[in-house]
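The block underneath contains the structure these notes are about, expressed in structure tokens.
Residue numbers (this note's numbering): 892 to 1065.
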């Protein structure tokens, strides 16, 4: 059995509301085991023998059918989350900054984002590539205003990325 983590894109922001209890119920009805949800931002962990190739589209279809939206998730193994946390390259304890991990659908997207960040030549929000992710550590309260924030807000990245605060990820694997 693999321990999986589903990170739902755009939930409880922008008009898509899914209660944690409803998400947990849906995933349990799909036959997933030990389903746990975290916070109200579309995070779920569970166990399943099913493959990534089978689970991801099945979960997206079930979400779309049940909640009436074009669902998109990042589905990663618990070990991938642990690796992303362990490799965070910035000072996660710096209270003046927000430690973000941006999950990308593929390495090409990760590379595009890190190249875009390098071209900005901005020290306002440090960015670094990681294992299937991009690390970002903007000053607290500026995660929508920095040059890199404007890059990741582009429509082209909405269907290819989802971000989580490092502390949220730590709660998921705790």
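Where a beta carbon is used, it is the ideal one built from N, C-alpha and C, also for glycine. This structure is a prediction, so every number in the text was calculated from the model and none was measured.
Cβ atoms of residue j and residue i: under 8 angstroms apart, would you say?
| i | j | result |
| --- | --- | --- |
| residue 1043 | residue 896 | no |
| residue 935 | residue 915 | yes |
| residue 965 | residue 898 | yes |
| residue 938 | residue 894 | yes |
| residue 1023 | residue 945 | no |
| residue 994 | residue 1052 | yes |
| residue 1021 | residue 975 | yes |
| residue 1039 | residue 1011 | yes |
Just the Cα atoms here: how many angstroms apart are residue i and residue j?
| i | j | result |
| --- | --- | --- |
| residue 1029 | residue 949 | 35 angstroms |
| residue 969 | residue 1013 | 32 angstroms |
| residue 1049 | residue 958 | 19 angstroms |
| residue 992 | residue 1054 | 6 angstroms |
| residue 999 | residue 1065 | 30 angstroms |
| residue 1006 | residue 920 | 42 angstroms |
| residue 908 | residue 922 | 23 angstroms |
Mark residue i as exposed unless 16 or more other C-beta atoms lie within 10 angstroms of its C-beta, in which case mark it buried.
| i | result |
| --- | --- |
| residue 990 | buried |
| residue 987 | exposed |
| residue 925 | exposed |
| residue 1058 | exposed |
| residue 1016 | buried |
Quick check on DSSP: helix, strand or coil for residue i?
| i | result |
| --- | --- |
| residue 902 | coil |
| residue 978 | coil |
| residue 1036 | coil |
| residue 968 | strand |
Using DSSP bridges, identify the partner residues of residue i.
| i | result |
| --- | --- |
| residue 937 | 895 |
| residue 924 | 938 |
| residue 850 | There is no way to answer for residue 850, as the model of the chain reaches only from 892 to 1065. |
| residue 929 | 934 |
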